[in-house]
Structures are given as structure tokens and as C-alpha cells.
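Okay, so here's the structure we're looking at.
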Amino acid sequence: SQTIHQWPATLVQPVGSPLSLECTVEGTSNPNLYWYRQAAGRGLQLLFYSVGIGQISSEVPQNLSASRPQDRQFILSSKKLLLSDSGFYLCAWSGQVEAFFGQGTRLTVV
Amino acid sequence: TQLLEQSPQFLSIQEGENLTVYCNSSSVFSSLQWYRQEPGEGPVLLVTVVTGGEVKKLKRLTFQFGDARKDSSLHITAAQPGDTGLYLCAGGRSNYQLIWGAGTKLIIKP
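These protein sequence lines map, in sequence, to chains A and B. Position 9 of the first sequence, counting from 1, maps to 45 under this note's numbering, and the rest follow consecutively. Position 94 of the second sequence, counting from 1, maps to 89 under this note's numbering, and the rest follow consecutively.
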């Protein structure tokens, strides 16, 4: 069966520091991969999606970037974090229709 | 931009009551999914509907896709405290992207 791993679960980082969140999928090949950000108790904002290795589409221009160095690995990065980057980040994968999510990362920029 | 309007945004009711959550759009979707999310975790898929007029039941939850595939509803019968959570609807587009509703925060009081 397919599983998705996202880490870390929580992260506190100072303003101006770099960021790297990693997500890996097991049990499937060539998945569509997504990074979302979610405000407390609200819907999901799509940040990036990828349909293949090295293929990244950005939905919202911002201080973040994404990379897909391997088929089942998706990385969210920032060179210098801003206070406004705080939030709950979710990685997800899909085959054709449904999305399956990781546990999320609660990022607090201080 | 395709929008998916979800209502109500917040609902607090007593255990045993019935409730309905709605997702509406002016656009046609290839599928409509409902997810449930608990605090600090990723959303979990409840159901996918793909055919106009389709009705699916999951124990006390009934999901319906509108005839024109532009809207959907989630009805919960005899709500239980365990139903508490954030309910999200998502409409599928042909390029594997999902359009998300803003979520309904549901609280069931014992």
C-alpha cells in the first residue's frame, strides 16, 4: 500500500534562516506531488505541484521554492524565512483523482 | 479561476442533531471529494463522487453530487462528538489539480 512521510512534524526557525521540508512517498511510482499551506481551521492553499522529476509548477509567487530530485521525493525550501511563512504545511500525492496527505509540518518563524 | 464555495464556515450543534454542508461552484468538475481533518493532521479522504446525481453513503454520512456536477452536499444524521473536525470539499480538474473549498469547522457537543 502507498504511504507518505513528511517531516519534521514541528519546526521553530528564526527569521532569515533557511528552510527544508521533505516529503517521500512509498508504494507508487510517478505520483503527482503537492505542497499546500493551511491557515488555522481553514482551507488549503496550493503552493507547488509536480507531475514528474524536475517538473515544478508554482501557484503562488512567494519566498518559497520546491524541488523534486527523485520520483518520490518532494522538497520545500526557502533561503530566508519571513514571519509570514509561519503556518501548517502539507505534502500530498495523487494518482489520478484523490489526494493523500502527510501528517503536516507546523512551522513557526520567530 | 474556478472557485468552490463551501458553507457554512462554522457549525456547532448538539449530539444527535442532523446537519448538511454544501459545496457550490459555477464550474463543472470531473469529480468531487470530501475530506475530514483533525487538528495537527493531514486531511483524510472520505469519499469521491464522479457521476452527476450520484449518492454515496458512509454509515451516518450521505454524500451527493449535483446533477450538473457543479455542487455537492454532505449530510450527517444523528451527529456524534467523533464527527467533530474540519470538513473540506475538493473539485477535480482534468489535469489532476484539485480546487479546494475553504472548509467547514464542525463541533458536535455532547
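We put the beta carbon where it would ideally sit given N, CA and C, even for glycine. Computed from a predicted structure; not experimentally measured.
Using a Cβ cut-off of 8 angstroms (strictly closer), state whether residue i contacts chain B.
i	result
alanine 135 (chain A)	yes
asparagine 68 (chain A)	yes
leucine 80 (chain A)	yes
glycine 63 (chain A)	no
tyrosine 125 (chain A)	no
serine 120 (chain A)	no
glutamine 139 (chain A)	yes
glutamine 132 (chain A)	yes
Taking 6 angstroms as the limit between beta carbons, can you name the residues of its chain near residue i, skipping five residues before and five after?
i	result
histidine 70 (chain B)	Thr15, Thr57
leucine 81 (chain B)	Gln32, Gly98, Lys100
isoleucine 102 (chain B)	Ser7, Thr79
tyrosine 70 (chain A)	Tyr85, Ala128
histidine 41 (chain A)	Thr60
In whole angstroms, give me the CA-to-CA distance for residue i and residue j.
i	j	result
serine 53 (chain A)	tyrosine 85 (chain A)	24 angstroms
proline 105 (chain B)	glutamate 12 (chain B)	11 angstroms
valine 39 (chain B)	glycine 77 (chain B)	14 angstroms
leucine 82 (chain A)	glutamate 95 (chain A)	6 angstroms
phenylalanine 137 (chain A)	phenylalanine 5 (chain B)	23 angstroms
glutamine 109 (chain A)	valine 61 (chain A)	7 angstroms
leucine -2 (chain B)	proline 50 (chain A)	35 angstroms
serine 68 (chain B)	valine 45 (chain B)	13 angstroms
glutamate 10 (chain B)	serine 2 (chain B)	20 angstroms
phenylalanine 24 (chain B)	alanine 135 (chain A)	15 angstroms
arginine 55 (chain B)	valine 42 (chain B)	13 angstroms
lysine 51 (chain B)	threonine 72 (chain B)	14 angstroms
glycine 63 (chain A)	glutamate 0 (chain B)	34 angstroms
serine 130 (chain A)	isoleucine 92 (chain A)	15 angstroms
arginine 104 (chain A)	lysine 65 (chain B)	33 angstroms
serine 65 (chain A)	cysteine 84 (chain B)	26 angstroms
tyrosine 91 (chain B)	serine 22 (chain B)	16 angstroms
asparagine 68 (chain A)	cysteine 59 (chain A)	12 angstroms
leucine 100 (chain A)	lysine 115 (chain A)	8 angstroms
So with Cβ pairs under 8 angstroms, would you call residue i a contact of chain A?
i	result
serine 26 (chain B)	yes
glutamate 36 (chain B)	yes
lysine 100 (chain B)	yes
tryptophan 95 (chain B)	yes
tyrosine 82 (chain B)	no
threonine 57 (chain B)	no
leucine 40 (chain B)	yes
glycine 86 (chain B)	no
Answer yes or no: the CB of residue i versus the heavy atoms of the ligand ATP, is any distance below 7 angstroms?
i	result
alanine 74 (chain B)	With respect to small molecules bound, the structure shown includes none, and the ligand ATP cannot be examined in it.
Ordered along the chain, which non-local residues of its own chain (more than five positions away) have a Cβ less than 7 angstroms from that of residue i?
i	result
glycine 48 (chain B)	Phe60, Asp62
Give me, in chain order, the residues of the same chain whose beta-carbon lies closer than 8 angstroms to that of residue i; leave out the 5 immediate sequence neighbours on both sides.
i	result
glutamine 106 (chain A)	Ile89
leucine 80 (chain A)	Tyr72, Arg73, Gln74, Leu126
isoleucine 111 (chain A)	Ser56, Leu57, Glu58, Cys59, Ala102, Ser103, Arg104, Pro105
alanine 45 (chain A)	Gln139, Gly140, Thr141, Arg142
Run through the DSSP bridge pairs and tell me what residue i is partnered with.
i	result
glutamate 58 (chain A)	A:Trp43, A:Ile111
Does the contact criterion of 3 or more C-beta pairs under 8 angstroms hold for the segment 72 to 86 of chain A versus the segment 120 to 130 of chain A?
yes
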